[in-house]
């Protein structure tokens, strides 16, 4: 594995009212990224709508936080694996409003 951790975060617009369906689509999307190994996942639904979900990866993590009342979600991927996964990740549910990539050198 690389000593580099690459991350991307983005805000996306869409219909996030059905937490169960959005969560399942998010897991499916992450599972099909190159170089990603899902280890575990957890989701918490908030009263009145919205949820936060975290997918633990062998390469780091993926996260989603939704605000259905604003038709908005924030997603993040951090990986030390295949960097092409970052560009594919931000295409979840359409085009991102804005993507913010970062690279962190975890080396000695």
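Residue numbers (the numbering used here): 199 to 306. The beta carbon of each residue, even a glycine, is placed where N, CA and C say it ideally should be.
Terminal residues of the alpha helix (DSSP H) in which residue i lies
i           : result
residue 223 : 217-229
residue 211 : No alpha helix (DSSP H) contains residue 211, which is instead part of the beta strand (DSSP E) from 202-211.
Within 7 Å, strictly: CB atoms of residue i and residue j
i           : j           : result
residue 251 : residue 235 : no
residue 225 : residue 276 : no
residue 274 : residue 207 : yes
residue 246 : residue 266 : no
residue 241 : residue 272 : no
residue 263 : residue 205 : no
Residue burial classification, residue i (beta-carbon count within 10 angstroms, cutoff 16)
i           : result
residue 284 : buried
residue 298 : exposed
residue 290 : buried
residue 268 : exposed
Integer Cβ distance of residue i from residue j, believed to fall under 8 Å
i           : j           : result
residue 239 : residue 254 : 7 Å
residue 211 : residue 295 : 6 Å
residue 260 : residue 228 : 5 Å
- Item | beta strand (DSSP E) runs contained entirely in the segment 227-300, provided each spans 3 or more residues | For the segment 227-300, whole beta strand (DSSP E) runs of length 3 or above, ordered along the chain, are 236-243, 249-255, 258-265 and 270-277.
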